[in-house]
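**Student:**
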Amino acid sequence: MIEKRKNFIINILYFAISFSLAALVLKFSTKYLMPFIIGFVIAFLLKPVISKLTKKIGNQKGSSLLVVILFYILLAAAIFWILVAVIAGIQNFAKAVPSFYQTTLSPAIESIIVWVEGAVVNLDPDVIDIIESIGRSVVQSIDGIFKGISGGTINFITRLISSIPSVLISILIAIISSFFFTLDYQGIVNSVMGMIPLKQRTLILDIKDGLISVLGKYLRAYAKLMSLTFVELSIAFFVLGIHNPIGLAFMVAIIDILPVLGTGTVMIPWFIIELIMGNTPLGVGLMITYIIITVIRNILEPKIVGDQIGLHPLATLILIYVGLKMFGFVGLFALPISATILKTLHDEGKITIFRRDEDLNQTAIED
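Going by the working numbering, the sequence shown opens with residue 2, and the numbers climb by one from there.
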């Protein structure tokens with residue numbers, strides 16, 4: 002029994018150290034290899050289309066060039082369309098701000114000031130002094146915040162402008178590398194795999210198959226979460242009497258699934274503005290909607306994702322949280338996916354994370 006426990010601890014430490022080293026290597030190597038990784042991923046994604054076209058026209062290189070060129074044309078068109086939509090939205094927002102301030106925000110602020118002045122008149126002079134002192138402190142704090150934002154914005158713009166040449170070079174290298182990868186994808190893969198021993202080569206192929214399978218399950222899981230958010234928002238917007246509830250709910254659900262963003266990006270400013278404008282029922286309704294959606298999402302996400310990828314909801318929740326803390330947004334997905342692949346390979350007997358006898362009875366420790 003002692004020997005088994007020792008082997009178990011050694012195996013856990015071995016995989017923990019191996020995973021940590023792999024994560025560090027991946028974290029620092031991607032900084033320099035990212036354009037080539039992007040190029041390879043594009044080639045991998047386009048491979049099925051290229052294979053089908055090659056069967057029809059019989060020219061692999063011609064098919065590769067045609068598919069990659071069409072891909073970048075469509076990508077450029079999509080980016081251009083998004084930029085046009087964003088710029089148009091910013092222009093409309095800039096035009097609407099002065100009118101919104103004059104007709105809505107300014108009267109709301111004035112009414113708040115009048116209310117505060119009416120409430121302060123009947124207060125003790127000492128209390129008034131304290132309130133004025135607090136007001137001055139708040140104004141100074143707000144001033145400091147705006148100065149900090151201004152300085153941070155200038156620094157951000159400066160860094161952004163200075164990084165443009167490097168970003169353009171990286172994009173150009175990614176595009177060129179994707180052409181090379183697609184032109185001789187199988188030859189490059191065979192050359193790399195030929196350098197790896199047969200046992201490790203088989204394991205790498207198993208990991209690749211597992212990764213594709215898990216990514217598909219992840220997409221299905223988050224499609225379910227997005228659909229759930231869409232239904233909840235559609236019902237809430239319809240009940241609140243909001244114009245075009247289904248279209249608006251779809252837009253918010255799309256934003257909810259995007260990296261970094263979420264329903265709060267839209268809902269929080271929206272209900273704050275409605276409350277300031279005096280639309281209390283709508284503001285409170287939107288706030289309650291946001292709280293309900295957030296609570297349901299946080300409860301169901303570990304379960305839905307866990308059911309799809311085959312992990313216990315608690316284990317999924319732990320992996321999501323640890324991944325987010327260790328590696329940021331990428332870790333939110335990378336750690337659960339890695340754990341799922343390792344579990345699948347272990348269950349299939351292709352790797353051994355910990356040893357256990359089939360006839361060993363499961364025991365529980367009770368306090």
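The beta-carbon is built from N, C-alpha and C at its ideal position, and this holds for glycine as well. Computed from a predicted model, the values in this text were never measured in an experiment.
Using only the alpha-carbon positions, how far apart do residue 163 and residue 169 sit?
**Tutor:** The residue labelled residue 163 in the question sits at position 162 within the sequence shown. The residue labelled residue 169 in the question sits at position 168 within the sequence shown. If I take the Cα positions, the gap works out to 11 Å.
**Student:** Check whether the stretch 191-202 touches the stretch 269-287, counting contact only when three or more Cβ pairs, one atom from each stretch, lie closer than 8 Å.
**Tutor:** no
**Student:** Can you tell me the Cα-Cα spacing of residue 335 and residue 344, whole angstroms?
**Tutor:** The residue given as residue 335 occupies position 334 in the sequence shown. The residue given as residue 344 occupies position 343 in the sequence shown. C-alpha separation (whole angstroms): 14 Å.
**Student:** Taking only runs that begin and end inside the stretch 250-277, name each unbroken alpha helix (DSSP H) of 4 or more residues, in chain order.
**Tutor:** Complete alpha helix (DSSP H) runs here, min 4: 264-277.
**Student:** Taking the beta carbon of residue 33 as the centre, do at least 16 other beta carbons fall within 10 Å, making it buried, or is it exposed?
**Tutor:** Taking the first residue of the sequence shown as 1, we reach residue 33 at position 32. By the neighbour-count rule (16 or more Cβ atoms within 10 Å), residue 33 is not buried but exposed.
**Student:** Identify which residue in 135, 161, 176 has its Cα closest to the Cα of residue 35.
**Tutor:** Residue numbering aside, residue 35 sits at position 34 when the sequence shown is read from its first letter. The shortest C-alpha separation from residue 35 is found at 176.
**Student:** Among 346, 242, 45, 257, whose alpha-carbon lies nearest the alpha-carbon of residue 207?
**Tutor:** Within the sequence shown, residue 207 is the residue found at index 206, counting from 1. Here the closest residue by C-alpha is 346.
**Student:** To the nearest angstrom, how far is the alpha carbon of residue 238 from that of residue 248?
**Tutor:** On the sequence shown, position 237 is the one that residue 238 refers to. On the sequence shown, position 247 is the one that residue 248 refers to. When rounded, the distance between both Cα atoms is 10 Å.
**Student:** State the Cα-Cα distance for the pair residue 130 and residue 138, rounded to the nearest angstrom.
**Tutor:** The residue labelled residue 130 in the question sits at position 129 within the sequence shown. The residue labelled residue 138 in the question sits at position 137 within the sequence shown. C-alpha separation (whole angstroms): 12 Å.
**Student:** For residue 309, tell me which candidate among 191, 73, 221 has the shortest Cα-Cα distance.
**Tutor:** Here residue 309 refers to the residue found at position 308 of the sequence shown. Taking only the C-alpha atoms, the option nearest residue 309 is 221.
**Student:** Please look up how many angstroms separate the CB atoms of residue 113 and residue 215, rounded, as I've assumed it's under 8 Å.
**Tutor:** For this step, residue 113 is matched to residue 112 along the sequence shown. For this step, residue 215 is matched to residue 214 along the sequence shown. Going by Cβ atoms, the distance from residue 113 to residue 215 rounds to 52 Å, so no, they are not a contact pair.
**Student:** Using 8 Å for Cβ pairs, my map puts residue 182 next to residue 44. What's the rounded Cβ distance?
**Tutor:** As a working note, residue 182 is residue 181 in the sequence shown. As a working note, residue 44 is residue 43 in the sequence shown. Confirmed, Cβ separation roughly 3 Å.
**Student:** Do you know offhand how far residue 179's Cα is from residue 213's?
**Tutor:** Looking up residue 179 in the sequence shown gives position 178. Looking up residue 213 in the sequence shown gives position 212. Approximately 20 Å, taken between the alpha carbons.
**Student:** Between residue 64 and residue 73, what straight-line distance do the alpha-carbon atoms span, to the nearest angstrom?
**Tutor:** Mapped onto the sequence shown, residue 64 falls at position 63. Mapped onto the sequence shown, residue 73 falls at position 72. When rounded, the distance between both Cα atoms is 14 Å.
**Student:** Just to confirm my understanding: we take residue 321, look at its own chain, exclude 5 residues before and 5 after, and list those with CB closer than 8 Å. What are they?
**Tutor:** Position 320 of the sequence shown, counting from 1, holds the residue named residue 321. Hits under 8 Å: 302, 303, 306, 333, 336, 337.
**Student:** According to the Cβ coordinates, are residue 227 and residue 254 closer than 8 Å?
**Tutor:** Walking along the sequence shown from the start, residue 227 turns up at place 226. Walking along the sequence shown from the start, residue 254 turns up at place 253. In this structure, residue 254 lies closer than 8 Å to residue 227 by Cβ.
**Student:** Classify residue 250: buried if its beta carbon has 16 or more other beta carbons within 10 angstroms, exposed otherwise.
**Tutor:** As a first step, residue 250 must be located in the sequence shown, where it is residue number 249. Buried.
**Student:** What does a CB cutoff of less than 8 Å around residue 67 pick up in its chain, not counting 5 residues either side in sequence?
**Tutor:** Here residue 67 refers to the residue found at position 66 of the sequence shown. Same-chain partners within the cutoff: 54.
**Student:** Return the chain-ordered list of same chain residues with a C-beta closer than 7 Å to the C-beta of residue 39, the five sequence neighbours on each side being excluded.
**Tutor:** Sequence index remark: in the sequence shown, residue 39 carries index 38 (1-based). Same-chain partners within the cutoff: 175.
**Student:** So, for residue 186: in the same chain, excluding its five sequence neighbours on each side, which residues have a beta-carbon less than 7 Å away from its beta-carbon?
**Tutor:** Reading the sequence shown from its first residue, position 185 is the one you call residue 186. Cβ within range, chain order: 44, 48.
**Student:** Three-state secondary structure (DSSP) at residue 245?
**Tutor:** Here residue 245 refers to the residue found at position 244 of the sequence shown. In this structure, residue 245 counts as coil in the three-state DSSP scheme.
**Student:** Do residue 327 and residue 369 have their beta-carbon atoms positioned less than 8 Å apart in this structure?
**Tutor:** In the structure as shown, the chain starts at 2 and stops at 368, and residue 369 therefore has no counterpart that could be examined.
**Student:** Quick check: what's the CA-CA separation for residue 165 versus residue 236?
**Tutor:** What you label residue 165 is simply residue 164 of the sequence shown in a count that begins at 1. What you label residue 236 is simply residue 235 of the sequence shown in a count that begins at 1. Taking the straight line from one Cα to the other gives about 44 Å.
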